[in-house]
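Heads up, the thing below is written out as structure tokens.
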Amino acid sequence: MSSTDIFYAIGDMFQTFFIFYDKVGNYFNDFLIIFGFFGFGYWMNLQRKFNAASNVPVEIKDNAGWYKENADKKQLK
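Going by numbering that gives the first Met the number 0, the letters in the sequence shown line up with residues 0 to 76, in that order.
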């Protein structure tokens, strides 16, 4: 048995092992992209709810006094 036969055997073994990836194709990548978009949408929806529940002002000039203890809404931490 020569070294060429050994290298061809290793190559054939790898081709057999990686047939799985040929059959799967891009389905896994497509799933991850779609899952990522749904996750991003869910995250943005939660962020919108948190922003609506907070009493932190958006403008810097309104920054004074937003943290008062007797405010109707408490700051989210």
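Beta carbons: idealized from backbone N, C-alpha and C, even for Gly.
Item, Value
"Tell me the residue span of the alpha helix (DSSP H) that contains serine 2.", "2-16"
"How would you write the range of the alpha helix (DSSP H) that asparagine 44 sits in, first residue to last?", "26-52"
"Beta carbon of glycine 40: closer than 7 Å to some heavy atom of the ligand MN?", "What this structure holds is no ligand at all, so the ligand MN is not there to describe."
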